[in-house]
Structures are given as C-alpha cells and as structure tokens.
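Protein sequence lines correspond, in order, to chains A and B.
If you're matching positions, the first sequence starts at 1 in the UniProt record's numbering and goes up one per residue.
If you're matching positions, the second sequence starts at 1 in the UniProt record's numbering and goes up one per residue.
Note that CB positions come from ideal geometry on N, CA and C, so glycine has one too.
There are 2 protein chains.
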Amino acid sequence: MPTPPTSPVASELRAAVTPGAVIFGRSRALRPTGKVLPEHARTHNRALVLQTLYSAGAQSRADVARETGLTRVTISDLVADLIAEGLVVELGQREDARPGKPATLIDVAREAFHIIGIDLSEHEVFRGAVVGLDGQIIDRDEVCRDGATGESAVLLVEALVERLLARTSTPVLGIGIGSPGVVDPHGVVRSAPNLGWSDVALQGRLAARFALPVHVANDANVAVLAEHGSSDHDDLLLVKVGHGVGAGLIIGGRPVVGGGFAAGEIGHVVVGTDGGPRCACGRDGCLEAWVAAPRLTAQLAELGGDGDTGAAASARDDILREAGRRLGIVLAPVVGALNLSEVVLSGPAQLLDGVFHEAAVDTLRKRTMTEFNRDLRLRMSEQAEDIVLRGAAVMVLSGQLGVT
Amino acid sequence: MPTPPTSPVASELRAAVTPGAVIFGRSRALRPTGKVLPEHARTHNRALVLQTLYSAGAQSRADVARETGLTRVTISDLVADLIAEGLVVELGQREDARPGKPATLIDVAREAFHIIGIDLSEHEVFRGAVVGLDGQIIDRDEVCRDGATGESAVLLVEALVERLLARTSTPVLGIGIGSPGVVDPHGVVRSAPNLGWSDVALQGRLAARFALPVHVANDANVAVLAEHGSSDHDDLLLVKVGHGVGAGLIIGGRPVVGGGFAAGEIGHVVVGTDGGPRCACGRDGCLEAWVAAPRLTAQLAELGGDGDTGAAASARDDILREAGRRLGIVLAPVVGALNLSEVVLSGPAQLLDGVFHEAAVDTLRKRTMTEFNRDLRLRMSEQAEDIVLRGAAVMVLSGQLGVT
DNA sequence: GTTTGTTCGTAAGGTTTACTAACAAACGTG
DNA sequence: CACGTTTGTTAGTAAACCTTACGAACAAAC
Numbered sequence: 001m002p003t004p005p006t007s008p009v010a011s012e013l014r015a016a017v018t019p020g021a022v023i024f025g026r027s028r029a030l031r032p033t034g035k036v037l038p039e040h041a042r043t044h045n046r047a048l049v050l051q052t053l054y055s056a057g058a059q060s061r062a063d064v065a066r067e068t069g070l071t072r073v074t075i076s077d078l079v080a081d082l083i084a085e086g087l088v089v090e091l092g093q094r095e096d097a098r099p100g101k102p103a104t105l106i107d108v109a110r111e112a113f114h115i116i117g118i119d120l121s122e123h124e125v126f127r128g129a130v131v132g133l134d135g136q137i138i139d140r141d142e143v144c145r146d147g148a149t150g151e152s153a154v155l156l157v158e159a160l161v162e163r164l165l166a167r168t169s170t171p172v173l174g175i176g177i178g179s180p181g182v183v184d185p186h187g188v189v190r191s192a193p194n195l196g197w198s199d200v201a202l203q204g205r206l207a208a209r210f211a212l213p214v215h216v217a218n219d220a221n222v223a224v225l226a227e228h229g230s231s232d233h234d235d236l237l238l239v240k241v242g243h244g245v246g247a248g249l250i251i252g253g254r255p256v257v258g259g260g261f262a263a264g265e266i267g268h269v270v271v272g273t274d275g276g277p278r279c280a281c282g283r284d285g286c287l288e289a290w291v292a293a294p295r296l297t298a299q300l301a302e303l304g305g306d307g308d309t310g311a312a313a314s315a316r317d318d319i320l321r322e323a324g325r326r327l328g329i330v331l332a333p334v335v336g337a338l339n340l341s342e343v344v345l346s347g348p349a350q351l352l353d354g355v356f357h358e359a360a361v362d363t364l365r366k367r368t369m370t371e372f373n374r375d376l377r378l379r380m381s382e383q384a385e386d387i388v389l390r391g392a393a394v395m396v397l398s399g400q401l402g403v404t
Numbered sequence: 001m002p003t004p005p006t007s008p009v010a011s012e013l014r015a016a017v018t019p020g021a022v023i024f025g026r027s028r029a030l031r032p033t034g035k036v037l038p039e040h041a042r043t044h045n046r047a048l049v050l051q052t053l054y055s056a057g058a059q060s061r062a063d064v065a066r067e068t069g070l071t072r073v074t075i076s077d078l079v080a081d082l083i084a085e086g087l088v089v090e091l092g093q094r095e096d097a098r099p100g101k102p103a104t105l106i107d108v109a110r111e112a113f114h115i116i117g118i119d120l121s122e123h124e125v126f127r128g129a130v131v132g133l134d135g136q137i138i139d140r141d142e143v144c145r146d147g148a149t150g151e152s153a154v155l156l157v158e159a160l161v162e163r164l165l166a167r168t169s170t171p172v173l174g175i176g177i178g179s180p181g182v183v184d185p186h187g188v189v190r191s192a193p194n195l196g197w198s199d200v201a202l203q204g205r206l207a208a209r210f211a212l213p214v215h216v217a218n219d220a221n222v223a224v225l226a227e228h229g230s231s232d233h234d235d236l237l238l239v240k241v242g243h244g245v246g247a248g249l250i251i252g253g254r255p256v257v258g259g260g261f262a263a264g265e266i267g268h269v270v271v272g273t274d275g276g277p278r279c280a281c282g283r284d285g286c287l288e289a290w291v292a293a294p295r296l297t298a299q300l301a302e303l304g305g306d307g308d309t310g311a312a313a314s315a316r317d318d319i320l321r322e323a324g325r326r327l328g329i330v331l332a333p334v335v336g337a338l339n340l341s342e343v344v345l346s347g348p349a350q351l352l353d354g355v356f357h358e359a360a361v362d363t364l365r366k367r368t369m370t371e372f373n374r375d376l377r378l379r380m381s382e383q384a385e386d387i388v389l390r391g392a393a394v395m396v397l398s399g400q401l402g403v404t
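Put into structure tokens, the structure is as follows:
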C-alpha cells in the first residue's frame, strides 16, 4: 500500500524548487547535478566560511558561526583547516570592551596571495596586472601587440604573464584572462578573428607552463564579473563597447555561457528595420556598425573642426545620440525577456557618457513596458579601463575559493 | 607561515566554478547558498535516485548504482526509504537471461499519484486536468469564465480544482497552475489585468483550502517546462502566442524569473523602427499589436472571402508573413545575447505553422550571426493545447520530487 | 553433474561530518 | 568578589556514505 496521500511527499520531499529538472520525456537534461557526498558538503561549507570572512571582514569564529548558521564547533574545525593551509590568519584579540571572553579575530589572508589578471580585449596592446585579493591593482605591465596573431600572439601572452609573475614574490592564486572571441568552459579560445585564433587551448598551455590554476573567458563575460561585485543585483547585463561590441550576462547570480559558448555576442545583431551602415560582416545595420568605438570616432573625425562650435557640437551629438538609440533598440527585447533591473555600460567615457547614454536610456524606457521594468537602471561602469583585469581576478578568486 | 604557493589551493579548493559568487565589493550577492548539512546531501541523492528511475524506467538497484555513481549499498538504503514512503515499488524479477543473480526491478510508483494541472491562460475558459506522473492527461474538465474577474475568478479556479480532485481516487501529489500575468515565487499573482487580479495569493489560498502542495507560475513560464521535457537542450525559449504574447525562458537548465518576476513579458516590447499598429498599452508597434492571435484573426477577417482564391490567399500570407517577421526582429537580440540554440513557438497552428513560422525563422537567421548560432532551431511546439496543463504538472513533479 | 565466474542485494564495520552538551578561560557588572 | 556573559575547545553522538565481505542465484564450461 502506498503511504497516505500527501503528508510524506509534501513535508519530507520539500527540496528546493528547480522546475524543469524532472521532466516527462527522457531527455538528456535529466542527468542532473550528480551525487553529493558528505565531503562535498564540507567543501561547500569551507567556501562559505571563506566568503563570509572575505565579504564581512575580520571577525571572530563565533561571529562566523552566527552568520553562517553552522555551530561554533564546526566553524573552529573548518577554520583550523583554513589556517593550516594559509588561507586564513588569526589577527589577535578584539579591542572593544564587551562582557565575556575576548574574541580572537580571524580573516582571509588578504596579503598572502596575489592574482594575475590579463586583458586581451584591446586592439593594440595586451594589458596585465598583479591584483590583490581585494581587487587592488598592485602592479601592472603591458606588451604592444604590433599586429601579432596566431602563435606569436600566444607567445606574447605567455611573456606578459612571465613578466608579471616575476614582479611579485607573493604566492599566486591563479591566472585569469579575458580574451575576445568565443571561449569554451575549458578555456579553449574557439574563435577570435582579431587575434587569428581558432581552437587555441590557452588555459591548457598556460597551466602547463606556469603550473598554476588558469581561467580564461570572453572579455565581456569577464568584465561583468567585476561589475557584479559592486552591484547588489543578481541579474546584470554589461555592454562593453570597444573595438567591437560585446556583452556579459549574469542571471540569477550565474554567468550565462550560451549553447555555443557565444553568449553576449550581440555585435552582429541587426538593429531596426531601416537599414544602416554596412558592417564588416557584410550586412547592413549591425549593432557594431552603429556603435563600435572605431566607427564612432571615424564618424566624428569626418565632421572635422574641433567640435566646439555650435554646429559642430550639434552634429557630434546627433551621431552619438543615434548610436545610443540604436543600442537601446537592441537591448529592449533582451531587457524585456529577462526582466533585467540593471544594465551597465563600459567603454570610452568621452563617447558613451553623455548624449549616447541619455539616448540609450530614453530608448530603452520607451521600448519596454515600464510597469515591469520600473526600477530599470542603465548606468556607466565605474571601473574604467581596469574592468577586465579586475574581472579576471574575480574569476580566479571565484574559481579557486568559490561556493558551488 | 603560509602554505607553499599553489598546490593546496589548486588541488584542494577545486570547487565547481561559479564565477561572480566571490566578489570584490561587499554586496548582497555575497550571501551565498547557505550551509549544507549531510542531511541535505541525503535529500539530494534521494531525488537523484527518483530521477534516474523516472527517466530511465524500471531497472535494478545495481543499475541505479552504476548510473548515479553511488554504491549499491547506499542505493539499497535510499530505495528502502522510498519504498516505505510509497514512491517506489518493486516489480519482481527481470526476465531476460543473464549470468548472475536475477535483478529485482524497481520503478517510480507511476500509478500511485496523480497531479492536478490548471491552465488559466485562455480568455474564455479555465481548463484543468488530472495528469499522470508520466504526463498522460487522465481526465479533464473546464469552467466557462464568462468574464469573471477578481474574487469570482478565484472562486471559479477553486471550483475547478475541487471538481478535478473529486474525479480521481488516487493520491494527488500537488496542484500546478499556469496563470497569465506576473507571478512571484510564492505563488502570489502580482498583476493579471485580464483577470482583474492584483496581489492575489493564489498558492496560499489553494494550499489552505485543499491541504496539498500548490505551485503557481506564469503561463508561458509553465509552458516552457513542458517543452523542456521533450527537448535535449538546457537553454530554451518558448514563445506563447495567444490572447497576448508571452515567453518562458530556461537558461542553463533553470527557469528565469527576472528581477520583478516578469521575465518573458515581451508582449509590449516595441518592434522595429518604422512604427506599427497602435497597441492597447498606448504605444505603436508593440509585439503584441503585431502578432497576438486576436489581432491576427481580426486582420484576416477584414480580408473577407474564404481566403481560398489566389488574391485573398496571398493577402492572408502577407499578413502572417509580416507578423512572423516582426517576431523574428524581437527575438534576434535575445537569441544573440543568450546564444540560444532552440526557440519554440506555441499557439494556434492555423496561424503560426506556415508562412508565419517561415518568416520568423528567416528573419532570425538574417539578423543574427550565423557563425554563433549555427545550430539554431525555431520550431513549433508539439504539445498543442495541453502545453500549460502538462507544464503545470511538470512544475509540481519538479517541486515535490526534484533535485536541488 | 560439477565447477567456475558473474551479478545481485545485504550485512558489518569504518570514516567523515556536523551536531549537542559541557566546560574552562576571560571579561564586565553589581 | 560573586555572577552572568561570551569565546573557543573537548568529548560524545547521530547521520551519511564508504569499503569489505558474504550468501544467493544464475549461466557457461567442463
């Protein structure tokens, strides 16, 4: 006999809801997350402790216990492991006067590790930095690309990493790289036309050479990680305007990769129904043909003059305003479909942070349902040119210390 | 002293990568998944066993052990629990002749539970069904809405559920409801203008009245769950054309809800840059004004005639082709940004399954980068009118038995 | 008919994990 | 100075999964 109708099912099987995991058919999606062993739970809780310390700063074991919901005993045990591995340090006793035994402060060993961040997204130069665990740029370096492609470009990257590693005596947690093009989860650059790369196993090569953890991802997908840090939203779209136009997307706190690992590649989506400038890809009116930085600067240059006179300034604004509007047109369906609350714009401020921005916001508002997207924000990034470097560091931090 | 540079971090902290969980700032996103106890692992593994059985069908404990990676001992233990609760049954010995001790087949107790599925998305009628665990429609019923709104519409839903419950003597796993409008994760219909609902706690009311687990979600978001079953993709967009136009989205195997719980609400996104028909919302050229079923049928009716003569048929095709094209225009940025590989169309086949479909595919192809979306498919749903009913059942199945 | 090898399911015992309970140390407060 | 409070540790317990071992049941080979 089956059990009574509902009670056991209702009360005991109350797992977190993940609709779509159980299905009617017999599809592949059925093979779910896989088994979970107690040791996985331990790993998770360890990461939880690290994150709690990382975000809330120095505090006592008892504080961590209260915040995580784990007991003081368990926290002490986990922290002992972390201290033994050098990831956490004791900082001595808390100063302030409270009743009870004084607390021993602990914190992530913020000075004990550095991260190498690499930005391959610029056209003329490969940039890199030594980044601290808190995101500070400690040292930086760059190599001129000089049009290098294929293997020689890979060698340039290796040389840059080599030089950065030589500049720090602190242990390095890992190497993070933001590359243009399509990058798969194994850090293979499937296709990056600008660099002449096709199926370049960047992660594998660097990991083999430097014996360090290496993480590689698309530049815009990396940039959005940096932005996610200073945002309090779990859904975030970052549009990166540079030599091309790309986007990085976080939904429900997780990066979106896409079926062909090409999520965020919106540069060659056609905008509007009234044609547009001819794009390098052969079509008319691609987003990139409207708003890529080289196209905009070229257009502005054609105007001639210094752009300070009334008429020239107005023509300049017209160009930027139209470009901003075109961006808004492309983003509207995405914002609507995903019900995004925050969109961030990253790129040359002198181009984007004015009428371009205004026009994009305005267009987005006019083209989406305000009732659903009432608190929608489209803002400029505050991270300026280091966004990929810092995002690459976040990627390493998250990959090496993160919670499942 | 810290540990040696890299080895412990690299090897021992290899948690699954979830970039963006660890961040530089001190944002809210930091509070991660929370602690994990051994009992959670157990719950997860139990669900894993259920899913393995559910999708692969009757098999031995040893088969399940091999497939899940857990040991035969653990599987036996878990299965004993599941059998005691009536969720799994033994079916006797396996027939085929193989060496070794004959296996005892076990399977999910597919006949032991039914699910109530409710579809509130149609304008004139509320439809409901008793659904089997495998998705079979066992019995169905409906109530005429007759323009009912607000509280009286809620009472109609309750009456429909009541009648369906009376039609089955099998224990009911739960009640799943697909409602139009914006529904939050607690099953509160925040806003459903057609039904005159605003902050109606549908899940709470039904759960209290029927003492069963209740799940409520937006109709398109529910429909995509049904479609996900017969698809082998983990990224899926379903567009549901009916009285309005809505979408349901699954990314990385997880439903997308959106910051304001309004994900998929693309009906009032403006299409193109050349105006369009006036929409009920006051703007010109909303997607809904182009492709909602009532608008299309009205347009076709204006043509007069039986549409079989050459000229009338051609005019009819023009209307449908333009509507399909408009859908493609809105979907292109979404497909590009998410790098979707599969888009499904659900709605009246006589409208959608012809030139409309062709035009949508064609437009989508022309407006996205074929290199990234090479295997993109836009297909009609095969689930016809029961898609919401079956999706609602999937939602219950997943919520009650699913893996975290 | 016997032996051999395979497969299934279960039993016993060990390890890991986090919990509860209890306690000593160290500190304000009255 | 007694008392309550807080911290961090010790000791013991419960849960969950593992490894190892075993009996039962069968096919195939001899």
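Which value, in whole angstroms, describes the spacing of the CA atoms of B:Thr273 and A:Val330?
In the second sequence, counting from the first residue as 1, residue 273 of chain B sits at position 273. In the first sequence, counting from the first residue as 1, residue 330 of chain A sits at position 330. Going from the Cα of B:Thr273 to the Cα of A:Val330 covers about 11 Å.
For A:Lys240, would you say it is in contact with chain B, using Cβ-to-Cβ distances shorter than 9 Å as the test?
Residue mapping note: residue 240 of chain A aligns to position 240 of the first sequence, counting from 1. Cβ-Cβ to chain B under 9 Å: no for A:Lys240.
Give the residues from the region 314-341 of chain B that approach chain A closer than 8 Å (Cβ to any Cβ), ordered along the chain.
Ile329, Val330, Leu331, Ala332, Pro333, Val334, Gly336, Ala337, Leu338, Asn339, Leu340 and Ser341
Starting from B:Ala392, find everything on chain A with Cβ-Cβ shorter than 9 Å and list it in chain order.
As a working mapping, residue 392 of chain B is identified with position 392 in the second sequence. Per Cβ cutoff of 9 Å: no residues; B:Ala392 is ~10 Å from chain A at best.
If you drop the 5 nearest sequence neighbours on each side, which residues of the same chain put their C-beta closer than 6 Å to that of B:Ala359?
Start at 1 with the first residue of the second sequence, and residue 359 of chain B comes out as number 359. Counting only Cβ-Cβ distances below 6 Å, and skipping sequence neighbours, we find Arg321, Gly324 and Arg325.
N-terminal and C-terminal residue of the beta strand (DSSP E) that A:Asn218 is part of
For the purposes of this step, residue 218 of chain A is taken as the residue at position 218 of the first sequence. Where A:Asn218 is concerned, the enclosing beta strand (DSSP E) stretches over Val214 to Asn218.
Rounded C-beta distance between B:Asp317 and B:Ser341? I'm assuming under 8 Å.
On the second sequence, position 317 is the one that residue 317 of chain B refers to. On the second sequence, position 341 is the one that residue 341 of chain B refers to. The pair is not a contact, with the Cβ atoms about 29 Å apart (cut-off 8 Å).
Would you verify that the beta carbon of A:Ala129 is, or is not, closer than 9 Å to some beta carbon of chain B?
Taking the first sequence and counting its residues from 1, one reaches residue 129 of chain A at position 129. So no, A:Ala129 is outside the interface.
From the beta carbon of A:Met369, is the nearest beta carbon of chain B less than 9 Å away?
As a working mapping, residue 369 of chain A is identified with position 369 in the first sequence. Output row for A:Met369: interface = yes.
Whole-angstrom distance between A:Asp184 and B:Phe210, CA atom to CA atom
Start at 1 with the first residue of the second sequence, and residue 210 of chain B comes out as number 210. Start at 1 with the first residue of the first sequence, and residue 184 of chain A comes out as number 184. Rounded to the nearest angstrom, the two C-alpha atoms are 48 Å apart.
Roughly how many whole angstroms lie between the Cα atoms of B:Pro4 and A:Gly57?
In the second sequence, the residue the question calls residue 4 of chain B occupies position 4. In the first sequence, the residue the question calls residue 57 of chain A occupies position 57. With a pLDDT of only 29 at B:Pro4, under the threshold of 50, the placement of this residue in the model should not be trusted; the figure read from the coordinates follows. Computed Cα separation, rounded: 24 Å.
Bridge partner(s) assigned by DSSP for A:Trp197:
The residue labelled residue 197 of chain A in the question sits at position 197 within the first sequence. Partner(s): A:Ala192.
State the DSSP-derived secondary structure class of A:His123, mapped to helix, strand or coil.
Residue numbering aside, residue 123 of chain A sits at position 123 when the first sequence is read from its first letter. In the structure shown, A:His123 sits in coil (DSSP, three-state: anything other than H, G, I, E or B).
Between the region 94-102 of chain A and the region 127-135 of chain A, do three or more beta carbon pairs fall short of 8 Å?
no
Taking its Cβ as the centre, do 16 or more other Cβ atoms sit within 10 Å of B:Asp199, making it buried, or is it exposed?
Your numbering for residue 199 of chain B matches position 199 in the second sequence. By the neighbour-count rule (16 or more Cβ atoms within 10 Å), B:Asp199 is not buried but exposed.
Do you know offhand how far B:Leu160's Cα is from B:Phe126's?
The residue given as residue 160 of chain B occupies position 160 in the second sequence. The residue given as residue 126 of chain B occupies position 126 in the second sequence. Distance between the alpha carbons of B:Leu160 and B:Phe126: 8 Å.
Taking Cβ-Cβ distances below 9 Å as the criterion, which residues of the region 253-280 of chain A are in contact with chain B?
Gly253, Arg254, Pro255, Val256, Val257, Gly258, Gly259, Gly260, Phe261, Ala262, Ala263, Gly264, Glu265, Ile266, Gly267, His268, Val269, Val270, Val271, Gly272, Thr273 and Asp274
Return the chain-ordered ranges of every alpha helix (DSSP H) run that is complete within the region 321-396 of chain B and spans a minimum of 4 residues.
349-352 and 355-367
Would you list, in chain order, the members of the region 38-63 of chain B that have their beta-carbon closer than 9 Å to a beta-carbon of chain A?
Pro38, His40, Ala41, Arg42, Thr43, His44, Asn45, Arg46, Ala47, Leu48, Leu50, Gln51, Thr52, Tyr54, Ser55, Ala56 and Gly57
Can you pull the chain A residues whose beta carbon is under 7 Å from the beta carbon of B:Thr68, in chain order?
What you label residue 68 of chain B is simply residue 68 of the second sequence in a count that begins at 1. Going along chain A in sequence order, the residues near B:Thr68 (Cβ under 7 Å) are Lys35.
Does A:Ser179 come out as helix, strand or coil in the three-state DSSP assignment?
Your numbering for residue 179 of chain A matches position 179 in the first sequence. Note: A:Ser179 maps to strand in three-state DSSP.
Please state whether the Cβ-Cβ distance between A:Val108 and A:Ile75 is less than 9 Å.
Looking up residue 108 of chain A in the first sequence gives position 108. Looking up residue 75 of chain A in the first sequence gives position 75. No, the Cβ-Cβ distance between A:Val108 and A:Ile75 is not below 9 Å.
Using 9 Å as the threshold, is the C-beta distance between A:Ala291 and A:Val241 below it?
Translated into positions along the first sequence, residue 291 of chain A becomes position 291. Translated into positions along the first sequence, residue 241 of chain A becomes position 241. According to the sequence provided, residue 291 of chain A is Val. The question's Ala does not apply to it. Yes.
Is there a C-beta anywhere in chain A that falls below 9 Å from the one on B:Asp235?
In the second sequence, the residue the question calls residue 235 of chain B occupies position 235. True, the Cβ-Cβ gap to chain A drops below 9 Å.
Here's the rule I'm using: 16 or more other beta-carbon atoms within 10 Å means buried, otherwise exposed. How should B:His215 be labelled?
For the purposes of this step, residue 215 of chain B is taken as the residue at position 215 of the second sequence. By the 10 Å Cβ count, B:His215 comes out buried.
In this structure, what does DSSP give as the bridge partners for B:Cys144?
Walking along the second sequence from the start, residue 144 of chain B turns up at place 144. Bridge partners of B:Cys144: B:Val125.
I'd like to know whether the C-beta atoms of B:Leu237 and B:Val222 end up nearer to each other than 9 Å.
Mapped onto the second sequence, residue 237 of chain B falls at position 237. Mapped onto the second sequence, residue 222 of chain B falls at position 222. No. Outside cutoff.
Would you identify the three-state DSSP class for A:Ala263, choosing helix, strand or coil?
One-based indexing of the first sequence puts residue 263 of chain A at position 263. Residue state, collapsed to three classes: coil.
Which of helix, strand or coil DSSP assigns to B:Thr168
The sequence position of residue 168 of chain B within the second sequence is 168, counting from 1. The answer is coil: DSSP assigns B:Thr168 none of H, G, I, E or B.
Look at the alpha carbon of A:Ala207 and the alpha carbon of A:Ile175, and state the distance between them as a whole number of angstroms.
In the first sequence, the residue the question calls residue 207 of chain A occupies position 207. In the first sequence, the residue the question calls residue 175 of chain A occupies position 175. C-alpha separation (whole angstroms): 9 Å.
So, are the CB atoms of A:Val257 and B:Asn339 less than 9 Å apart?
Taking the first residue of the first sequence as position 1, residue 257 of chain A is located at position 257. Taking the first residue of the second sequence as position 1, residue 339 of chain B is located at position 339. Yes, the pair counts as a contact, with Cβ atoms nearer than the cut-off.
Check each candidate in B:Ile251, B:Pro213, B:Leu352 and B:Phe261 and name the one with the smallest Cα separation from B:Met395.
The count along the second sequence starts at 1 and reaches residue 395 of chain B at position 395. Cα-wise, what sits closest to B:Met395 is B:Pro213.
Short check: CB of A:Gly181 to CB of A:Leu164, under 9 Å?
Translated into positions along the first sequence, residue 181 of chain A becomes position 181. Translated into positions along the first sequence, residue 164 of chain A becomes position 164. No.
Check this for me: beta carbons of B:Glu227 and B:Ser55, under 9 Å apart or not?
Within the second sequence, residue 227 of chain B is the residue found at index 227, counting from 1. Within the second sequence, residue 55 of chain B is the residue found at index 55, counting from 1. Their beta carbons are not under 9 Å apart, which means B:Glu227 does not touch B:Ser55 by this criterion.
Leaving out the 5 sequence neighbours to the left and right, which residues in its chain are closer than 8 Å to A:Arg190 when beta-carbon positions are compared?
Indexing the first sequence from 1 puts residue 190 of chain A at position 190. Within the same chain, A:Arg190 has close Cβ partners Gly181, Val182, Val183, Asp184, Ser198, Asp199 and Phe261.
Would you check if the distance between the CB atom of A:Glu288 and the CB atom of A:Gly354 is smaller than 9 Å?
Position 288 of the first sequence, counted from the start, is the residue given in the question as residue 288 of chain A. Position 354 of the first sequence, counted from the start, is the residue given in the question as residue 354 of chain A. Cβ atoms of A:Glu288 and A:Gly354: not closer than 9 Å.
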